[in-house]
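What follows is a set of notes on a single structure, which appears directly below.
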Amino acid sequence: MMNSELRILFIVDAIQGRNGVGTYFQDLTSHLGKRVARVELVAPNLQSCHPCQGMALPMPGDATQQVFLPRMRQLTLLAMEMKPQVIVVPGPGLFALAGFWLAGKLGIPVCMTHQTDYSQLVNLYWKGTGGRIAQALLHWTNLFMFRGSTTIATVSPPLAQQLRQRGITNPHLVGTPLAPQFINAPIIEPKGSVTRILFVGRLAAEKNLPDFLQLAAQRPDLEFSIVGDGPLRHSVQEQAQRTHNLQFLGWCSRECVQQQLDLHDLLILPSSVEAFGTVALEAMARKRLVLTTPACGINDWKPLAKGLLTMNPGESLIQAVQRIESLGAAQRHYICQQAYHGARSLNQEAIEQWLSVLQITANKAHLLPRRIPSATFALLRRLAAYQT
231 MMNSELRILF IVDAIQGRNG VGTYFQDLTS HLGKRVARVE LVAPNLQSCH
281 PCQGMALPMP GDATQQVFLP RMRQLTLLAM EMKPQVIVVP GPGLFALAGF
331 WLAGKLGIPV CMTHQTDYSQ LVNLYWKGTG GRIAQALLHW TNLFMFRGST
381 TIATVSPPLA QQLRQRGITN PHLVGTPLAP QFINAPIIEP KGSVTRILFV
431 GRLAAEKNLP DFLQLAAQRP DLEFSIVGDG PLRHSVQEQA QRTHNLQFLG
481 WCSRECVQQQ LDLHDLLILP SSVEAFGTVA LEAMARKRLV LTTPACGIND
531 WKPLAKGLLT MNPGESLIQA VQRIESLGAA QRHYICQQAY HGARSLNQEA
581 IEQWLSVLQI TANKAHLLPR RIPSATFALL RRLAAYQT
C-alpha cells in the first residue's frame with residue numbers, strides 16, 4: 231500500500247490547542263494531510279465543537295480544563311463513511327477507549343501512542359487510597375489497550391524504555407512535528423543578550439512554576455512572561471500584580487505563542503514531569519535559547535543536544551540563567567543556529583517516522599482476531615445508517 235492510499239483516523243481526548251498532546255496531533259495531521267489519501271482528527275475543540283464531541287465534565291483536579299464525552303453515533307458514522315485503514319488513539323481516555331472499541335468492532339488495526347507518564351502525574355495529584363486506586367485503574371486500562379493494539383508509538387527514549395519494562399518488546403519511537411507557523415513565519419534573529427525570559431505551558435504542579443516565579447523575583451533586572459492556564463493560575467496572577475517585571479498573558483493561540491517566542495530571548499521549561507516538551511522544539515525552530523530540566527524528554531533526542539541548554543544536577547534556575555549569561559555572544563548564537571537546524575530536521579524525520587508506523591500498522595490488518603458480534607455495535611450501526 232502506498233502512503234497516498236492511506237486513510238487514517240485519529241481519536242484523541244486532549245483538547246485541540248490546549249496542551250502538548252492536543253497540539254501534537256493537530257500538527258501531525260496538518261502534515262499528514264499532504265501525504266495520505268485522507269486523515270481525520272476527532273478531538274474536542276473549544277472554539278468550534280467537533281461533531282463527535284459530546285457533553286463536557288470538569289476535569290478532576292483542574293477546574294480550568296474539561297473532559298468531553300464522545301458522541302458514539304457520530305463517531306461510528308464517521309468511521310463507517312471513512313473506512314480508515316488505521317485508527318490512532320493516545321490512551322487512556324474516553325475518546326481513546328471509544329476509538330479502541332470501535333476499531334475492534336470494525337476490524338481496523340490500532341496504533342496506540344504513549345506520550346505521558348500518567349503514574350507520575352497521579353503521584354502529584356492524588357495521594358493515599360485514591361491515588362492507589364487511580365494507579366491501578368490506569369495500569370490495567372493501559373495494559374488492556376497495549377495488548378489489543380497492533381502497534382505502539384512513543385515520543386521519547388525513556389518512555390520507550392518504560393514500555394519495554396511493561397512487556398512491549400518493539401515500541402516505535404517517533405519524533406514531534408511542528409505547526410506550519412513555527413516553520414514558515416520569517417525568523418526574527420535573536421539578540422546577543424538575554425533580557426526577556428518566557429514560560430509556556432500548563433500552570434500545574436508538574437511544571438515547577440514556583441521556581442520560575444522565584445527567579446522573576448530574584449532578577450528584577452530581567453523581564454519575564456508566562457503563557458498558559460491551569461490550576462495555579464491565581465497564584466501566577468497574584469505574583470504578576472506584585473512584581474513589576476512579570477507579565478501574565480493567560481492562554482494564547484498557537485500564532486500568539488509563536489509571536490511571544492520571537493519577542494523573548496530564552497524559554498525555560500522547569501518541569502518535573504515532561505514527556506517531551508513541544509514548546510521547547512517550537513522555540514528552537516524560532517532560533518531561541520531553551521533551558522530545560524533533566525526531566526524533559528526532549529533532552530533524550532541526541533540530534534537536538536547541541537541546540538539545548540539543560541540544568542545541571544543541583545543547579546538552581548538562577549544559577550542556570552547566570553551560566554547562560556556568562557556564555558559569549560558567539561556561543562549563544564551557535565546554540566541558536568544548532569537549535570534551528572535540529573528542530574527542522576526532527577520535524578521532517580517525525581513525519582517520515584509516522585508514515586512508516588502507519589504503513590506497518592495497516593499492513594497487519596490481516597493478523598487481527600475474528601470480530602465478536604456486539605449488540606451495542608449493531609445498534610450504533612443502525613442509528614448511524616438511519617442518520618445518513
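If you count the sequence shown from 1, position 152 lands on 382 in the numbering used here, and the numbers rise without skipping. Backbone N, C-alpha and C fix where the C-beta goes; we use that ideal spot for every residue, glycine too.
Whole angstroms is fine: what's the gap from residue i's alpha carbon to residue j's?
i	j	result
F412	K421	19 Å
T523	R612	52 Å
H261	R472	43 Å
G250	V424	26 Å
V316	F429	36 Å
G507	C526	6 Å
S278	A515	28 Å
K536	T606	53 Å
D495	E555	11 Å
A364	S604	29 Å
E311	G431	37 Å
K357	L368	15 Å
S234	V269	11 Å
L445	A550	10 Å
L557	S483	33 Å
M443	E468	Here the sequence assigns Leu to residue 443, which means Met is not the residue at that position. Going from the Cα of L443 to the Cα of E468 covers about 11 Å.
C566	L493	15 Å
I398	S386	15 Å
A366	Q490	40 Å
G460	I602	42 Å
G572	A560	18 Å
W481	G247	10 Å
I245	C341	20 Å
G544	D451	24 Å
Please list the terminal residues of the continuous alpha helix (DSSP H) segment that includes residue i.
i	result
P320	Premise fails: P320 lies in the beta strand (DSSP E), V316 to P320, not in any alpha helix (DSSP H).
Q583	A559 to A592
R463	R463 to R472
A439	Here residue 439 is Leu; the residue named in the question, Ala, does not match the sequence. Taken as a continuous stretch (DSSP letters only), the alpha helix (DSSP H) holding L439 covers L439 to Q448.
L332	L324 to L336
Between which two residues does the beta strand (DSSP E) carrying residue i extend?
i	result
G480	L476 to G480
C486	From DSSP, C486 is part of no beta strand (DSSP E) but of the alpha helix (DSSP H) over R484 to L493.
E270	R268 to V272
R600	Note, R600: premise wrong, no beta strand (DSSP E); not H, not E.
T522	L519 to T522
I413	Run containing I413: none in the beta strand (DSSP E); it sits in the alpha helix (DSSP H), P410 to N414.
C341	V340 to H344
V430	R426 to V430
R237	R237 to I241
L452	No beta strand (DSSP E) contains L452, which DSSP labels as neither H nor E.
L497	L496 to L499
Between the beta-carbon of residue i and the beta-carbon of residue j, is there less than 7 Å?
i	j	result
I417	K517	yes
L439	L403	no
A580	P407	yes
A505	V520	no
S591	P401	The displayed chain sequence assigns Thr, not Ser, to residue 591. Cβ atoms of T591 and P401: not closer than 7 Å.
V503	L479	no
D257	A409	yes
Q477	S455	yes
L576	M302	no
L299	G323	no
A309	L327	no
T346	A383	no
L236	V266	yes
P281	Q304	yes
L307	A614	yes
L287	V297	yes
L433	V466	yes
For residue i and residue j, which I take to be in contact (beta-carbon distance under 8 Å), what is that distance rounded to the nearest angstrom?
i	j	result
P320	V242	6 Å
Q488	A415	6 Å
With H, G and I counted as helix, E and B as strand and the rest as coil, what does DSSP make of residue i?
i	result
P387	helix
M514	helix
M186	The structure shown does not extend to residue 186, since the chain is modelled only from 231 through 618, so no value can be given for it.
H280	coil
M312	helix
V457	strand
E545	coil
Q392	helix
E504	strand
R265	coil
P401	coil
P218	Outside the displayed range of the chain (231 to 618) lies residue 218, so it cannot be described from this structure.
T306	helix
I363	helix
Q246	coil
L538	coil
T406	coil
Given the structure, does residue i come close to the ligand MN, in the sense that its CB is under 6 Å from one of the ligand's heavy atoms?
i	result
S575	Of ligands this structure carries none, so the ligand MN is not represented either.
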